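Q:
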Amino acid sequence: MKTSPKVRKLQRVLYRKAKAEPRWRFYSLYGELCRRDILSDALDQVIANGGAPGVDGFEVGTLADNPPGREAWLLALAEELRTKRYRPSPVRRVYIWKDQARTKRRSLGIPTVKDRVVQSAAAILLQPIWEADFHDHSYAYRPKRRTHQAMDKIKEALLSGKVEVVDADLSSYFDLIPHRQLLRQVARRVSDGSMLRLIKAWLRAPVVEEDRKTGRRKVIPNRGGTPQGGVISPLLANLYLNGLDHAVNEKCEQKPTMVRYADDLVILAKPGQGAGLQARLKRWLEARELKLNEEKTRLVDTRKEGFEFLGFAVAWRRSLRSGKRYVHVEPSAKSRTKLRDKVRAVLEVRTQNQPAVAVVRKVNQITRGWAAAFHYGNCTRVFAKQQIFVRNRLRRWLWRKSGRTHGLFEFFNHERLHGQYQLWQWPRTAGWTT
Numbered sequence: 001m002k003t004s005p006k007v008r009k010l011q012r013v014l015y016r017k018a019k020a021e022p023r024w025r026f027y028s029l030y031g032e033l034c035r036r037d038i039l040s041d042a043l044d045q046v047i048a049n050g051g052a053p054g055v056d057g058f059e060v061g062t063l064a065d066n067p068p069g070r071e072a073w074l075l076a077l078a079e080e081l082r083t084k085r086y087r088p089s090p091v092r093r094v095y096i097w098k099d100q101a102r103t104k105r106r107s108l109g110i111p112t113v114k115d116r117v118v119q120s121a122a123a124i125l126l127q128p129i130w131e132a133d134f135h136d137h138s139y140a141y142r143p144k145r146r147t148h149q150a151m152d153k154i155k156e157a158l159l160s161g162k163v164e165v166v167d168a169d170l171s172s173y174f175d176l177i178p179h180r181q182l183l184r185q186v187a188r189r190v191s192d193g194s195m196l197r198l199i200k201a202w203l204r205a206p207v208v209e210e211d212r213k214t215g216r217r218k219v220i221p222n223r224g225g226t227p228q229g230g231v232i233s234p235l236l237a238n239l240y241l242n243g244l245d246h247a248v249n250e251k252c253e254q255k256p257t258m259v260r261y262a263d264d265l266v267i268l269a270k271p272g273q274g275a276g277l278q279a280r281l282k283r284w285l286e287a288r289e290l291k292l293n294e295e296k297t298r299l300v301d302t303r304k305e306g307f308e309f310l311g312f313a314v315a316w317r318r319s320l321r322s323g324k325r326y327v328h329v330e331p332s333a334k335s336r337t338k339l340r341d342k343v344r345a346v347l348e349v350r351t352q353n354q355p356a357v358a359v360v361r362k363v364n365q366i367t368r369g370w371a372a373a374f375h376y377g378n379c380t381r382v383f384a385k386q387q388i389f390v391r392n393r394l395r396r397w398l399w400r401k402s403g404r405t406h407g408l409f410e411f412f413n414h415e416r417l418h419g420q421y422q423l424w425q426w427p428r429t430a431g432w433t434t
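Residue numbering for the sequence shown follows the numbering used here, beginning at 1 and increasing consecutively.
1. Go ahead and label E330 buried or exposed: buried means 16 or more other beta carbons lie within 10 angstroms of its beta carbon, across all protein chains shown.
2. According to DSSP, is S4 part of a helix, a strand, or is it coil?
3. With a 10 Å radius around its C-beta and 16 neighbouring C-beta atoms as the bar for buried, classify H414 as buried or exposed.
4. Per DSSP, which residues does D264 bridge with? Please list them.
5. Evaluate R325 with the Cβ neighbour count: other Cβ atoms within 10 Å of its Cβ, from every protein chain shown; 16 or more gives buried, anything less gives exposed.
6. Just to confirm the assignment: which complete beta strand (DSSP E) runs, minimum length 3, are found wholly within the segment 169-249?
7. I'd like the ranges of any alpha helix (DSSP H) spanning at least 4 consecutive residues and lying wholly in the segment 7-81.
8. Report the start-end ranges of each alpha helix (DSSP H) in the segment 276-352 that is 4 residues or longer and not cut off at the edges.
9. Per DSSP, what kind of secondary structure is S120 in: helix, strand or coil?
10. Just the Cα atoms here: how many angstroms apart are L159 and V266?
11. Buried or exposed: which applies to P256, given that a residue is buried once 16 or more other Cβ atoms fall within 10 Å of its Cβ?
12. Quick check on DSSP: helix, strand or coil for G161?
13. Of all the options G311, T351, A247 and K362, which has the alpha carbon lying nearest to the alpha carbon of M151?
14. Please say whether D41 and V7 have beta carbons closer to each other than 7 Å?
15. Using a threshold of 7 Å, state whether the C-beta atoms of V231 and R116 are closer than that.
16. What does the Cβ neighbour count give for V390, buried or exposed, with the cut at 16 atoms within 10 Å?
17. Which whole-angstrom value describes the C-beta separation of S89 and V55, a residue pair presumed to lie in contact below a C-beta threshold of 8 Å?
18. Indicate whether Y27 and S191 have their beta-carbon atoms separated by less than 7 Å.
19. Can you tell me where the beta strand (DSSP E) with R93 in it begins and where it stops?
20. Helix, strand or coil, according to DSSP, for G377 in the structure here?
Below, the structure is given as structure tokens:
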């Protein structure tokens, strides 16, 4: 979350105060929320993230290349906040496919641009406060943290003898977070009544759903959860599970290691401790009106089998060189298939009327993003196979486009794919970060 120097200075002050005084409750935050520089930074973040319009149809691009309009819009919003006239709009609910096969959908709640900017401004102020409280083993939606660090911690725990893993799955976590308990968590650090009322209003904002056949809109009351798609939702979701991070990692007598990335979590423990920890996890969640998906939650003895986390497959293997056992981490089969499905979708027959350079640019964007996410651990062989797949799919696409009847590999050789068509070259090195 990039901010201007003056705003960063305020964030450092908030963080240091929160770190020095764990019981301190912050007041006068709402006044800071109205500052033009904070709102400007918040708008920059919303513009950078893009996204669809909310219920009012207002597009964020309207402000991106219009400095006079942007300034007038910010001043009007600041005045609306100062005079307490700002009210959150309903959230537009849309459904997106979770996979290329289009078998499962998940809902997104899209706030208006105005609501996204005010939520982003609130996150600028609240994140440094809660960052001082968040546990080190929580890695999602936090500055300077990513999935690779979570995998480092898992590897460290396995090597220390914590070979029994509770691979937990939470049922509809974002949809089930109870508002009352969440607001109680917020109030432990925030005493500013205006800020608390604002967060409550965002949580209670009704949902607008459009019937795809008739086009009619229906308004649905929001009785729980924090919508995926809201700017402040990830921060609030992290806050609600922060108590679990501390309970497992710091207060549990068995001294297990829990690694969490949003609502994805694993608990690593010594042999024989996993079943008891799973039962305690279930009780902890139920006390906070959350559910453990017992059908998908597994207790894994990693000495016998592996497990998957954040798109990686983790398993003990024996080194061919030394004969010693080591923790092998590579992109999972499911992750590999997702990439291949995306590449296939770009290199379909119906795209052959498009310029080759433009299509290759799309392929490069997909493969670069995937490689950045999975350039970790023992990824070298997987990357080599993925590159072969991408090359062959592109060859076939170019061959059909050219109308040639022979010489597929000779004509569209490696040099031509990577030279003339500028196909991206995958990394050839392993990706261990530690």
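In this text, a Cβ means the ideal position worked out from N, Cα and C, and glycines have one as well.
Treat the numbers as computed from the prediction; the structure is a model and nothing was measured.
A: The structure says:
1. buried
2. coil
3. exposed
4. D169 and Y261
5. exposed
6. 207-210 and 217-220
7. 29-33, 36-49 and 61-64
8. 333-346
9. helix
10. 15 Å
11. buried
12. coil
13. G311
14. yes
15. yes
16. buried
17. 6 Å
18. yes
19. V91 to W97
20. coil
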